[in-house]
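Its first residue numbered 37, the sequence shown is counted upward by one per residue in our numbering.
The structure appears below as structure tokens.
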Amino acid sequence: MNWDLTSYFPEFNGPEMNEFKETLRKDITSLREKATVLMPLDTSTEAEWEEIFVENEDIQVRLSHLSSYVGCLAAADSRNEAYLKEESSLALMKAEFSKLRVELLRAIKDAPDEILSSFTRRQRFSSAQYYLLRLREESRRTMAPDKEVVAADLGVDGIHAWGRLYDTISGKLEFDMVFPDGRRERLPMSQRRSLMEHADRRVRRAAFEGGNDAWQTVEDTAAAALNAISGTRLTLNRHRSVEHFLDIALFQSAITSKTLNAMFEAIFAGIELPRRILRLKAEFMGTKAIAWYDLGAPLALPDQQSPSWEQGKGLVKNSFDRAYPALGGFLQKTFDKRWIDWEPRPGKRPGGFCTGSLLTRESRIFMTYNNSMGDVLTLAHEAGHAFHSHLMRDLRPYARIYPMTLAETASTFGELILTKGLLEDPSISDSQKALILDTEIGHGAIYLLDIPVRYEFEKTLYEERAKGEISVSRFKALMVEAQQRIFGDMLEKGGEDPYFWASKLHFYITGVTFYNFPYTFGFLLSRGLFAMFKKEGPDFLPKYENFLCLTGSDTAENVARRSIGCNLESPEFWAEAIKSLEEPLKQLESLKLDLPKSP
Ligand SMILES: [Zn+2]
37 MNWDLTSYFP EFNGPEMNEF KETLRKDITS LREKATVLMP LDTSTEAEWE
87 EIFVENEDIQ VRLSHLSSYV GCLAAADSRN EAYLKEESSL ALMKAEFSKL
137 RVELLRAIKD APDEILSSFT RRQRFSSAQY YLLRLREESR RTMAPDKEVV
187 AADLGVDGIH AWGRLYDTIS GKLEFDMVFP DGRRERLPMS QRRSLMEHAD
237 RRVRRAAFEG GNDAWQTVED TAAAALNAIS GTRLTLNRHR SVEHFLDIAL
287 FQSAITSKTL NAMFEAIFAG IELPRRILRL KAEFMGTKAI AWYDLGAPLA
337 LPDQQSPSWE QGKGLVKNSF DRAYPALGGF LQKTFDKRWI DWEPRPGKRP
387 GGFCTGSLLT RESRIFMTYN NSMGDVLTLA HEAGHAFHSH LMRDLRPYAR
437 IYPMTLAETA STFGELILTK GLLEDPSISD SQKALILDTE IGHGAIYLLD
487 IPVRYEFEKT LYEERAKGEI SVSRFKALMV EAQQRIFGDM LEKGGEDPYF
537 WASKLHFYIT GVTFYNFPYT FGFLLSRGLF AMFKKEGPDF LPKYENFLCL
587 TGSDTAENVA RRSIGCNLES PEFWAEAIKS LEEPLKQLES LKLDLPKSP
């Protein structure tokens, strides 16, 4: 592994780690015992509950530490059985912790408003009010405590086990890659994405087809997992009196349905813009439309380089330094302290993520760098996440928990800074700039077409799952239908990806539902923010940092209003953000005549 994890623990399964685990386990149990016997919140129990809420915060800190550590190890070496075993023992501990949470929810569920409001005003809860109010809202959607306890217990071997099974299978899955010259290679699935961003369409198609042949061999398992995960959620929703399955996603995203609708209203009204992006892509390829595996296709340019890891790091660093020195300085720290695992290795889980410990207040970045421009962007993206945590490092843990809608803002902002930096860099050739513009607008197509496909698919999935189990063929049909509807005639007939529901890890994350629209939300929001940065210059950055620091202390609408003065509930805000893609699209359109056709 490339990263240094010793600040978590000197060694895996060493005495420090085992002692830490044992203490944590005991503390969770004893705090839960203390909480279980206590009457709900009122004037007589206020002081004791205060103590419990504060201790709970400390446990949360330690649990994030352990969980981040084990998550790092298991992602970097998914074949190591000791890590997998540790993951399942951690899942047990998390279940114990969620039972403690059940008690906290019980404490405040029926507390009269005036008791609750005096409780949240207690001095030890300064800057934790928002957290407590969210807990109160969540408590309104809980079952009786004993039922919640059973649900948490069963979750370990139920919904979360399905998610772990999916992770194990996708980590081990390999596919047969047949290169255009006839060479055959068996590759881990984690390398498929980069191959699908290859300039040669034949390579992309081969990775797509070989990959889907592999997914077909596990289609029944994937379908069973997806049915179980969605079915469990629907059952719990029913018992928790949740009116609509989207309510949970909205709550987790800290947005109102008005905001979500405003965003999709703007997206569907402006759908021709991302389709125009694909039309240009198709023209470059010499085709009328594109296939699913062309979505990540770069332009085929003669001097196209595959940046080495060192070069990729340099590109991100220089762009950050020029536009936003504080961000550049932070990135250098992540290099110096070896916070990144980047190397391609068999047994690595696919995808990239940023994780962190609330205890050490450090982050780690997981990714597989395969020398593509997309991988360079992934680095800027994950570094954006890490910088967000860095800015919040001195806030109390309860004020550091932010929703994914706002998490993706910092990461996309990082990508935009990289893009701008590269476009302004005189040492970068025009054809490389074309490549960068193509990547920027290509992302626009992903966030405005691909992600809406996932969102629409998942919505239909829940509607149909409510009536019964969904078959493999139905999953395929639903996925193909959503792709055709949203891409329109820009998607080739037969160019759909019927296995996207199986290959996309995001559908199998058990802790979050609708792990899709927050990406588009963050993408558009950060484009909106970035447009302001371009206009206002460095004066904007304190407002931006204020925005990021507030993300754990208010709803998304309020964070935007308080820090940058924007109204997220109005479609106009989103329409403006979408329109910001016009400029790079036009720039690229004006370059197109000089470009050769790709093979
Ligand atoms: Zn992200």
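Positions of the beta carbon are idealized from the N, C-alpha and C atoms, including for glycine.
**Report entry** For T72, the three-state DSSP class (helix, strand or coil)
**Finding:** Helix.
Query raised in the report: Is H417 near ligand 1, with its Cβ less than 7 Å from a heavy atom?
Result: Flag set: Cβ of H417 near ligand 1.
Report task. Take F215 as the anchor and find which of H275, D236 and S206 has the nearest alpha-carbon. Result -> Checking every option, the nearest Cα to that of F215 belongs to D236.
Query raised in the report: Between which two residues does the alpha helix (DSSP H) containing V548 stretch?
Result: First-last for V548: undefined, no H or E at that position.
**Report entry** Exposed unless 16 or more other CB atoms sit within 10 angstroms - verdict on N49
**Finding:** Around the beta carbon of N49, fewer than 16 other beta carbons sit within 10 angstroms, so the residue counts as exposed.
Query raised in the report: If you draw a straight line from the alpha carbon of D40 to that of P361, how long is it in whole angstroms?
Result: Those two C-alpha atoms are separated by around 25 Å.
Requested in this report: Mind listing, in chain order, the continuous beta strand (DSSP E) runs of no fewer than 3 residues lying wholly within the region 71-105?
Outcome: Runs of the beta strand (DSSP E) inside the region 71-105: none found.
Query raised in the report: Is H421 near ligand 1, in the sense that its beta carbon is under 7 Å from a heavy atom of that ligand?
Result: It does: the Cβ of H421 is within 7 Å (strictly closer) of some heavy atom of ligand 1.
Requested in this report: Could you check what DSSP says for C108 in three-state terms: helix, strand or coil?
Outcome: The three-state reading of DSSP puts C108 in helix, counting H, G and I together.
Report task. Could you tell me whether any non-hydrogen atom of ligand 2 is closer than 7 Å to the CB of E444? Result -> Ligands in the displayed structure: ligand 1; ligand 2 is not one of them.
Query raised in the report: Just how far apart, CA to CA, sit S114 and T204?
Result: A straight line joining the alpha-carbon of S114 with that of T204 spans about 7 Å.
Query - Pairwise C-alpha distance: Y483 and H101 - result: Separation of H101 and Y483 (C-alpha to C-alpha, rounded to the nearest whole angstrom) is 32 Å.
**Report entry** Through-space distance from I144 to I151, alpha-carbon basis
**Finding:** Computed Cα separation, rounded: 9 Å.
Query raised in the report: Which word fits H275, buried or exposed, when buried means at least 16 other C-beta atoms lie within 10 angstroms of its C-beta?
Result: The residue is exposed, with fewer than 16 neighbouring Cβ atoms inside 10 Å.
Requested in this report: Could you tell me which residues DSSP pairs with E398 in its beta bridges?
Outcome: Note: E398 sits in a beta bridge opposite S393.
Report task. Give me the Cβ distance between R598 and L270, rounded to the nearest whole Å; I'm assuming they're in contact under 8 Å. Result -> Rounded, the Cβ-Cβ distance is 36 Å, inconsistent with contact.
Requested in this report: Please determine, among L272, S425 and Q468, the residue with the shortest C-alpha to C-alpha distance to L584.
Outcome: The residue among L272, S425 and Q468 with its C-alpha nearest the C-alpha of L584 is S425.
Query raised in the report: Leaving out five residues before and five after A596 in sequence, what residues of the same chain have Cβ atoms less than 8 Å from its Cβ?
Result: Excluding the 5 residues flanking it on each side, A596 has same chain C-beta neighbours closer than 8 Å at L561, F583, C602, N603 and L604, in chain order.
Query raised in the report: What do you reckon, is the C-beta of S104 under 7 Å from a heavy atom of ligand 1?
Result: For ligand 1, not one heavy atom lies less than 7 Å from the Cβ of S104.
Query raised in the report: Below 8 Å, can you find three or more Cβ-Cβ pairs linking the region 398-417 to the region 525-532?
Result: No, because fewer than three Cβ pairs between the region 398-417 and the region 525-532 fall closer than 8 Å, the two stretches do not touch.
Report task. May I have the straight-line CA-CA distance separating M225 from N273, to the nearest angstrom? Result -> Going by C-alpha positions, M225 is about 34 Å away from N273.
Query raised in the report: Which residues bound the alpha helix (DSSP H) around P620?
Result: Its alpha helix (DSSP H) spans residues E618 to L627.
Requested in this report: Please find out if some non-hydrogen atom of ligand 1 comes closer than 7 Å to the beta-carbon of S447.
Outcome: For ligand 1, at least one heavy atom lies less than 7 Å from the Cβ of S447.
Requested in this report: Measure the beta-carbon distance from M213 to G246 and round it to whole angstroms, keeping in mind my assumption that it falls under 8 Å.
Outcome: In this structure, M213 and G246 form a Cβ contact; the two beta carbons are roughly 5 Å apart against a cut-off of 8 Å.
Query raised in the report: Do the CB positions of V106 and L126 come within less than 8 Å of each other?
Result: Between V106 and L126, the CB-CB gap stays under 8 Å.
**Report entry** Under 8 Å between C-beta atoms of L168 and T156
**Finding:** Closer than 8 Å, so yes.
Query raised in the report: In three-state DSSP terms, what is D149?
Result: D149: helix per DSSP, three-state reduction.
Requested in this report: Please work out which residues of its chain come closer than 6 Å, Cβ to Cβ, to F389, disregarding the five sequence neighbours upstream and downstream, and give them in chain order.
Outcome: If you ignore the 5 residues before and after F389, its C-beta comes within less than 6 Å of the C-beta of F402, all in its own chain and listed in chain order.
Query - Proximal residues to I600 (C-beta, below 7 Å), its chain only, five neighbours per side dropped - result: Closer than 7 Å at Cβ, skipping near neighbours: L565, M568, K579 and F583.
Query raised in the report: Can you pull the DSSP bridge partners for M213?
Result: DSSP lists E221 as the bridge partner or partners of M213.
Report task. Would you mind giving the Cβ-Cβ distance between N721 and E379, rounded to the nearest angstrom? I have them listed as a contact below 8 Å. Result -> Residue 721 is absent from the structure shown; the chain starts at 37 and stops at 635.
Report task. Name the residue from E139, T455 and M428 whose alpha carbon lies nearest to the alpha carbon of M75. Result -> Of the listed residues, the one whose Cα sits closest to M75 is E139.
Query - C-alpha gap between S277 and S175, whole angstroms - result: Here the C-alpha atom of S277 lies approximately 11 Å from the C-alpha atom of S175.
Query raised in the report: Tell me, which residues are paired with L527 by DSSP?
Result: Paired residues: I326.
Query raised in the report: The alpha helix (DSSP H) spanning W537 covers which residue range?
Result: Per DSSP, the continuous alpha helix (DSSP H) segment holding W537 begins and ends at F536 to S539.
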